[in-house]
Amino acid sequence: MSELAELKDRTCIVGIGETAYTRGTKKSALELALEASISAIEDAGIKPEDIDAVILPGGAGGGGTAGDFIANLGLQDLHYTASLQEMGGAMSVSTVECAVTALATGIAHYALIPLCSRFYSGRRARQMNSDPGTGLQSAGTIRDY
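Take the sequence shown: its position 119, counting from 1, is numbered 742 in our numbering, and each next residue is one higher.
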């Protein structure tokens, strides 16, 4: 039997949360991650104190450090945390795999994977080019011509 088959039916996703999809939000990535996480916890029908594992993709999903996220959510009795480095398209799969491992081995009972981005609200490389000291030299894009 393969290792993946041994994990089948031993874990599941029980809650999902999201924020409104907007451009130009004044909320920080940390605020967005917290808002979506609270929504996911409510969707799962559990309480924040039930969470005993946190897997942070690329920091806090673009919202600060793992410590910032955990403290702001008020989590105090964690048995497992992981802060994965940016892996591009593999990030979402890697975070779920990490959570499954913590859950299937009995290290944790409820894992939270907060992920957020401010792609359309954050600064772009072209905008940073105008900031002194960044050292960035961006080329023009089609729409600049």
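Heads up, the beta-carbon is just placed ideally off N, CA and C, and yes, glycines get one too.
{"Query": "Whose CA, out of L657, Y703, H702, lies closest to the CA of A694?", "Result": "L657"}
{"Query": "Tell me, to the nearest whole angstrom, how far the beta carbon of Y703 is from that of A676; I am working on the premise that it is less than 8 Å.", "Result": "4 Å"}
{"Query": "Determine the closest residue to G697 out of L707, S660, S717, with distance taken between C-alpha atoms.", "Result": "S660"}
{"Query": "Which of the three DSSP states, helix, strand or coil, is assigned to L696?", "Result": "helix"}
{"Query": "Enumerated in chain order, which unbroken segments of the beta strand (DSSP E) with a length of 3 residues or greater are wholly contained in the region 633 to 698?", "Result": "676 to 680"}
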